[in-house]
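Data first, discussion second: the structure below is written as structure tokens.
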Amino acid sequence: YSKSEVYLELARQLILRGRASDARLIIDEASQTIYQNQNQRQLVRYNHRFAYLLFLRGESHAALALARSVKTNLNPQVDTIFFRQLEGLEHLIEKHLKHFSPAPKKMPPVNFLDRRIMNRENEENAEKVNFGEDPIGDLMDQIFRQRQKAVPEILKSGLLGLLPMALNLPVGKSIIFLGPVRGQLIVSSQGDVHLSEVIVTTPMARLLKMLEGGVFRKKQELVESVWGYTYDSLYHDKLLHATIGKLRRALSQFGHWIEWGQEGYRLNQEVSCLSSENSPVVRGPLDHQSLREVSSEFLKSSFQAKEIPLNRRQVLALSDMERGKIYDVVVYSKRYSVSKITATRDLSGLFQAGLVDRLGKGRATCYLRGVEFKKLT
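Counting from 107, one number per residue, gives the positions in the sequence shown under my numbering.
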């Protein structure tokens with residue numbers, strides 16, 4: 107009996123922490139003992155946990171059928187708490203399925219927790235709650251009233267199972283969520299929630315969005331769309347493979363969602379990629395209009411005749427330098443929203459191609475066109 111109690115509580119804690127798959131294993135482990143002992147209270151709690159796990163997996167109709175089946179065998183006057191818990195789960199699933207069944211009958215609250223849940227929709231009763239006595243209840247209230255403000259508290263508490271609710275992610279689906287903090291990646295899949303420790307850069311975020319949709323993308327298309335480079339397999343295959351590797355590490359146990367075939371890469375067609383307003387992906391690619399404004403005469407004289415492949419950032423930077431602008435790594439990275447490593451690589455490439463001059467050393471290094479260089483030297 108005690109072992110079954112521990113298993114049931116452990117399953118609940120794992121669900122709260124975004125580990126539904128582990129909770130399912132614990133529930134399966136407990137099932138044999140619970141059914142052997144035939145303890146009615148444990149049987150009800152077991153089926154309640156199992157029904158909720160089915161709901162998280164996207165099997166809403168099976169979850170609803172199980173919850174209703176268990177509830178019909180209860181006496182509302184005797185098994186009041188269990189009855190109300192199953193009634194609440196039934197209401198949650200029906201709301202998800204958009205079933206417009208009659209609302210549960212108004213009944214007096216059976217305990218403090220029941221009263222708090224009933225008052226959650228009533229703003230006037232919010233002031234009557236003693237915050238701090240029930241931390242999980244505090245989080246649930248905050249999710250109901252101010253979703254976005256609840257996210258930092260959820261991350262701090264480690265109760266990742268509440269994140270999909272706070273971020274309003276669809277139940278039972280496989281989701282990659284970019285945000286809510288810049289550089290953050292959250293994976294939600296059938297009750298399993300993973301918060302990546304890998305910081306997602308702008309190219310990584312753009313690459314994820316490119317791979318979404320279930321269509322294989324060729325390497326050339328990915329390189330030119332994400333980084334703006336003119337594709338050269340000798341240079342850019344390593345860059346693409348390294349970025350794919352970082353994304354798989356960020357996805358952790360869900361890394362297999364990024365699929366590879368002879369036609370290129372794609373994100374599993376069952377997976378959706380969503381982003382918040384703070385995600386780097388919403389900033390979009392470089393301004394195509396700015397690129398078109400670069401004069402054709404300058405392009406021909408600077409690098410087309412030499413057949414030197416340049417990306418869009420380098421083209422725009424050359425145009426600026428032609429008008430007298432001086433670049434260093436910090437200015438370049440801010441101007442084109444790239445990392446300092448990328449800025450260094452772009453500027454060094456221009457220097458090695460003989461298109462710009464370099465002045466200074468270390469952090470004081472700057473890049474400029476020949477006319478300005480002569481003025482300074």
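Ideal Cβ positions, reconstructed from N, Cα and C, are used throughout, including at glycine.
Cβ neighbours of residue i in the same chain (closer than 7 Å, five flanking residues each side left out)
i: N153; result: L172 and V176
i: L346; result: K325, L328 and V329
i: T349; result: P309, M310 and L313
i: V400; result: Reliability of the predicted coordinates at V400 is poor, the pLDDT of 40 falling under 50, and no value is obtained from them.
i: R323; result: M316, L317, G370, Y371 and R372
i: R354; result: G361 and I364
Where residue i falls: helix, strand or coil (DSSP)
i: V377; result: strand
i: D463; result: strand
i: G370; result: strand
i: Y107; result: coil
i: F283; result: strand
i: L474; result: strand
i: D240; result: coil
i: D298; result: strand
i: I305; result: coil
i: Y442; result: helix
i: V184; result: coil
i: E365; result: strand
i: Y433; result: strand
i: R125; result: strand
Candidates the options, of which the one nearest residue i by Cα
i: Y341; options: S166, R288 and R451; result: R451
i: V444; options: K431, N417, G460 and L465; result: N417
i: F457; options: K467, Y473 and Y442; result: Y473
i: Q146; options: Y107, Q119, P276 and L380; result: Y107
i: E460; options: T471, A356 and R475; result: Note that residue 460 is Gly in the sequence shown, not Glu. G460 has its Cα closest to that of R475, out of T471, A356 and R475.
i: E200; options: G164, L219 and V435; result: G164
i: D434; options: A470, Y442, G455 and E428; result: A470
i: C379; options: T336, D247, L465 and S295; result: S295
i: F520; options: E239, D240 and N225; result: Given a span of 107 to 483 for the chain in the structure shown, any question on residue 520 remains unanswerable.
i: G466; options: I432, Y442 and R441; result: I432
i: K274; options: A157, S382, G455 and R118; result: Before going further, note that residue 274 is Asn rather than Lys in the sequence given. When only C-alpha atoms are compared, the closest one is S382.
i: N374; options: R429, D343, K279 and R441; result: K279
Cβ-based neighbour list, residue i, same chain, cut-off 6 Å, excluding 5 preceding and 5 following
i: I121; result: A129 and G267
i: S439; result: K446 and A449
i: G297; result: A126 and L162
CB contact check: residue i to chain D, cutoff 9 Å
i: C472; result: Considering every chain present, this structure includes no chain D. It has just one protein chain.
Cβ-based burial, residue i [other Cβ within 10 Å; buried from 16]
i: I242; result: exposed
i: I140; result: buried
i: V462; result: buried
i: G468; result: exposed
i: V436; result: exposed
i: H300; result: buried
i: I187; result: exposed
i: Q142; result: exposed
Proximal residues to residue i (C-beta, below 8 Å), its chain only, five neighbours per side dropped
i: K480; result: For K480, the pLDDT reaches just 46, beneath the cut-off of 50, and the residue's location in the model is therefore unreliable, leaving the point undetermined.
Distance cut-off 8 Å: residue i Cβ against heavy atoms of the ligand FAD
i: Q296; result: For the structure depicted, the ligand FAD is absent and the ligand set is empty, with no information on it obtainable.
Under 9 Å between C-beta atoms of residue i and residue j
i: Q252; j: P286; result: no
i: A272; j: I260; result: yes
i: H197; j: F161; result: no
i: G334; j: R419; result: yes
i: L114; j: R151; result: yes
i: I305; j: G320; result: no
i: A356; j: L291; result: yes
i: L265; j: R155; result: no
i: R222; j: D247; result: yes
i: L195; j: F189; result: no
i: V257; j: S358; result: no
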